[in-house]
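Read the structure below first, then the notes.
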Amino acid sequence: MAINQEVLDEMLLPYPDKVQKNRTKHIVRKNPEEGCQQIEANTRTVPGIISQRGCCYAGCKGVVVGPIKDMITITHGPVGCAYYSWGTRRNKARADDITPPEQIYGAMCFVTDMQEPDIVFGGEKKLAKMIDEVVEMFHPRAVNVCATCPIGLIGDDLGAVTKKATEKHGIPVLAYNCEGYRGVSQSAGHHIANNILMENVIGSGDAEKNPSEFVLNLLGEYNIGGDSWEIERILHDIGYRVQGVLTGDSSVEEMKNMHIANLNLVMCHRSINYIAEMMEEKYGIPWLKINFIGVEAIKKSLRDIAQVTGDETFIRRTEEVIAREEARVLPVIEHYRKICTGKTAFAFVGGSRSHHYQYLLKDLGMEVVVTGYEFAHRDDYEGRSVIPTIKTDADSKNIPELDIKPDPELYKEAHEHLNLTKEKFDEICSRVPLGNYEGMYPDMNGGTLMIDDCNHYEAEQLVKELKPDLFFAGVRDKYIAQKMGVPAKQLHSYDYSGPYAGFNGAMNFARDVANAMTTPAWKFIIPPWEKESENKGDINA
Ligand code: CFM
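The sequence shown maps to residues 1 to 541 in the UniProt record's numbering.
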């Protein structure tokens, strides 16, 4: 669906001249004849505009270090910053052989609760006391201290406090100067967190490479709704060992030895590319951008990984796992695909997911007509396509044979239920791969819109004008669309669902999307502004 220039002009018209000039640079209407059109990204939001962005503290504490399950993360600041970054992202963790249940702290919230006297006289003593208390009570393997805006303004010396605490307690106590106002979005917080983890945690273990295994790290995957568990399931079935995930369901113990990997997989490039690059430089570990959202993207990613190993066994096992999984999930997805085909969507997420979900929605026959990132940089929009070639000494012959061949009997019922003939199934399986999945812009259709740091007003105008069948965004925007009768789904936390990654995830997503669009609830919604006359004079209406 191509979008008329008039719709855009009308949206920009009410802005003051200066703002109009600014916002125009952040909006691209794709014209395939122009080559790669440039978008302005990673610059300051116009003050006063209701942005979808978060802050530096959100990127550091909420995104990168918060999910590390066996570290206690203390928010040094007012209670509100800690409260609003507590639990809402749905990054899951569970106990395992390495981490016992009493050393998982994700359900708890730790904050120094800075009050007025602390702001006046400084909060260093309070922080030092709190570190002593948490170490005494919970015995964590390591502690993070994340600063919020007031800490930078009053000048507490986080580094000095944590250095003393490290010596006193004999465990790493790490300081992150991720005050909310640093940089222009949460992107700065990712960078700060990446640097500290790389300096203090990654590579500090003493594990040695086992030449008989091929070891992967999964970077930029945060286990939202169980995503990384589903990705790891697939990788294990092929025969890879996953050493560490940054940082979904991760532990310090695993992270310390991530330097022994053969290859780093990068799921979210935006939040973790710094570590991927530093590990390449320091340990010579190449990295590969992958995407486990949507069947076609997963297939391409698995084949790329197998190609990098250069090993026949992995290449064969990859095809076997793909065949087994497709036989199971494609009939179900096909069922929902019938409902989704031809529908349109908007997708606004932070710095990589809008693009990942472009794939899954394409798999479902839907078109993303307006999309964008909150805080991505230009390379996320434009894409980068590099496949490293390494020859390793991995001896994959040691991988035990699993029964991973598709079992026709097991899936017969599902196929029959959907009336799927063998020919039809083969046709679904052989759909042309979508090709390069490296950037948002290359995957857009001509005439569709790409908007950087889209704000509340612009989202509302575009929903009004273009009436998409589905609106994907975060919690701040989802209710604008729903009040207009357009179903909306959070692509950050997946509302209450997930996983959406991997083969099972693609099936879950198709079900949720089809359900959202077919529920009759949207027809019954009368937005509050249309009810206004009824409510006049009655404050409790
Ligand atoms: Fe990476 Fe993310 Fe994203 Fe991100 Fe985020 Fe997130 Fe996101 Mo919300 S790390 S850039 S800072 S994929 S929390 S898991 S969904 S905005 S698109």
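Note that the Cβ used here is the ideal one computed from N, Cα and C, for glycine as well. Computed from a predicted structure; not experimentally measured.
Can you find the residues in the same chain that come closer than 8 Å, C-beta to C-beta, to residue i, ignoring five residues on each side of it along the sequence?
i	result
Leu-216	Leu-235, Tyr-240, Arg-241, Val-242, Gln-243, Ala-261, Asn-262, Leu-263, Asn-264, Leu-265 and Ile-305
residue 589	Outside the shown range of the chain, which is 1 to 541, sits residue 589, and nothing can be said about it.
residue 543	There is no way to answer for residue 543, as the model of the chain reaches only from 1 to 541.
Asn-223	Pro-67, Asn-91, Lys-92, Ala-93, Trp-229, Val-245, Gly-248 and Asp-249
Val-463	Phe-346, Phe-471, Ile-480, Ala-481, Met-484 and Val-486
Gly-498	Arg-90, Ile-224, Gly-225, Gly-226, Asp-227, Gly-505 and Asn-508
Asp-380	Ala-41, His-269, Arg-270, Gly-351, Ser-352, His-355, Tyr-373, Gly-439 and Met-440
residue 550	The structure shown does not extend to residue 550, since the chain is modelled only from 1 to 541, so the question has no answer here.
Ile-171	Val-135, Pro-140, Arg-141, Ala-142 and Val-143
Cβ atoms of residue j and residue i: under 9 Å apart, would you say?
i	j	result
Asp-249	Asn-91	yes
Met-440	Tyr-373	yes
Asp-70	Gln-103	yes
Ala-165	Ile-196	no
Ile-3	Leu-466	yes
Leu-302	Thr-318	yes
Gly-77	Ile-151	yes
His-259	Gly-205	yes
Pro-140	Tyr-105	yes
Ile-333	Ala-506	yes
Leu-45	Val-145	According to the sequence as given, residue 45 is Thr; it is not Leu. Not closer than 9 Å, so no.
Ala-147	Glu-199	no
Lys-163	Val-201	no
Asn-22	Gly-446	no
Val-161	Glu-124	yes
Leu-449	Val-370	yes
Given residue i, which residues of its chain have a CB within under 7 Å of its CB, disregarding the five upstream and five downstream residues?
i	result
Thr-518	Ile-339
Tyr-500	Gly-225, Asp-227, Ile-293, Tyr-494, Asn-508 and Phe-509
Gly-122	Ile-154 and Asp-156
Glu-458	Met-11 and Ile-451
Arg-511	Tyr-336
Thr-24	Leu-12
Leu-361	Ala-345 and Val-368
Ile-119	Pro-150 and Ile-154
Ala-207	Asn-257 and Ile-260
Quick one: grab the DSSP three-state call for residue i.
i	result
Ser-51	strand
Met-450	strand
Ala-261	coil
residue 561	Only positions 1 to 541 of the chain appear in this structure, which leaves residue 561 out of reach.
Phe-471	strand
Val-184	coil
Gly-35	coil
Asn-508	helix
Leu-13	coil
Val-7	helix
Glu-367	strand
Ala-41	coil
Glu-221	strand
Phe-214	coil
Val-201	coil
Cys-109	coil
His-26	coil
Lys-483	helix
Met-267	coil
Tyr-83	helix
Lys-289	strand
Ile-539	Below a pLDDT of 50, predicted positions are generally treated as unreliable, and Ile-539, at 49, falls in that range; the measurement from the model is reported next regardless. The answer is coil: DSSP assigns Ile-539 none of H, G, I, E or B.
Ile-68	coil
Asn-144	strand
Sorted by chain position, which residues of the same chain lie with C-beta nearer than 6 Å to residue i's C-beta, five sequence neighbours on each side aside?
i	result
Thr-341	Gly-365
Leu-410	In this prediction, Leu-410 scores a pLDDT of 49, lower than 50, which makes its location untrustworthy; no coordinate-derived value is stated.
Arg-94	none
Glu-253	Ile-98
Asn-504	Glu-230
Gln-37	Val-28
Val-111	Thr-75, Val-79 and Ala-82
Arg-353	Leu-491
Glu-232	Val-242
Arg-182	Cys-56 and Ala-188
Glu-213	Arg-241
Ile-49	Asn-455
Glu-460	Ile-480
Asp-443	Gln-358
Please find out if some non-hydrogen atom of the ligand ATP comes closer than 8 Å to the beta-carbon of residue i.
i	result
Ile-224	Looking for the ligand ATP in the displayed structure turns up nothing; the ligands present are the ligand CFM.
Say whether chain C places a C-beta atom closer than 9 Å to the C-beta of residue i.
i	result
Ala-261	Judged by its chain identifiers, the structure shown contains no chain C, having just a single protein chain.
Count the CB pairs spanning the segment 287-301 and the segment 347-366 that are closer than 8 Å, and state whether there are at least three. yes
If you pair each beta-carbon of the segment 368-382 with each one of the segment 180-190, do three or more pairs fall below 8 Å? Contact between the segment 368-382 and the segment 180-190 is present, because at least three Cβ pairs lie under 8 Å.
With three or more beta-carbon pairs closer than 8 Å as the criterion, would you say the segment 481-495 touches the segment 456-471? yes
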